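Before any comments, here is the structure.
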Amino acid sequence: MQPLTSTSETITLAVKQLTEKIYGGDFVFPDHFSLPTAIAQSLQLDYATVCQAFLATENITLEKYIENLRTEKTKEWLVYTDIPLQQIAVKLGYHNARQLSAHFKAATGLNPGYFKEIRKSRQSIQAMPGKSS
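Residue 46 in UniProt numbering sits at position 46 of the sequence shown, with consecutive numbering throughout.
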């Protein structure tokens, strides 16, 4: 038998599932997309209520969580795929690669190119004789 969860935990879980779906890479962002509106409509709750529940459960604001999620997805795609930066920007709801780069640099202190270099280094190591992937 699973323990009962609080309303805040239930809301937080739903928000995490929704944001993972949106920022998972296959979501097509409509013009004038508003994440707060999408979350409120999906959960049929006021956005302020959702934010309060999320903060109470996670000890981080929903906005910071989303920023962190987008940053981690960017790192993941830069290191493990050959997806161009512009395409990553589109997948994560940025207007363009320049906006993504600015947010990424602010969040990590590093340029996206640094993570592309990690990918190249990984490929070089994997290509060495006697190394298996």
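Here a beta-carbon is modelled for each residue, glycine too, at the ideal position from N, C-alpha and C.
Note that the coordinates shown come from a computational prediction; the quantities given were computed from them, not determined experimentally.
Among the options, nearest to residue i - alpha-carbon criterion
i    : options            : result
R70  : S101, A38, E9      : S101
P36  : A56, F104, I66     : I66
E117 : D82, S8, H32       : D82
L85  : F115, K64, N68     : F115
L78  : P112, E9, F33, Q52 : P112
E9   : N59, N68, K64      : N59
Under the three-state DSSP convention, the category residue i falls into
i   : result
L4  : In this predicted model, L4 has a pLDDT of only 44, less than 50, meaning its place in the structure is not dependable; the value taken from the coordinates is given anyway. Coil at L4, not helix or strand.
I60 : coil
V28 : coil
H95 : coil
Y80 : helix
Backbone CA spacing between residue i and residue j [nearest angstrom]
i   : j    : result
A56 : D46  : 16 Å
R98 : I11  : 33 Å
L62 : K120 : 33 Å
D26 : I88  : 11 Å
T7  : Q41  : 17 Å
Y80 : Q17  : 23 Å
L43 : H103 : 28 Å
A53 : F33  : 23 Å
V15 : D31  : 21 Å
A48 : L13  : 16 Å
M1  : K64  : Note on M1: pLDDT 44, under 50, position unreliable in the model; the coordinate value appears next. Straight-line Cα distance between these residues: approximately 33 Å.
Anticipated Cβ contact below 8 Å, residue i with residue j, distance rounded
i   : j   : result
I39 : V50 : 6 Å
Inset, instruction - Evaluate contact between the region 71-81 and the region 107-119, counting only Cβ atoms and requiring at least three cross-stretch pairs below 8 Å. - result: Short answer: they touch.
Legend entry - Inter-stretch contact at 8 Å, needing at least 3 Cβ pairs: the region 92-99 / the region 17-36: Yes: the two stretches touch, three or more of their Cβ pairs being nearer than 8 Å.
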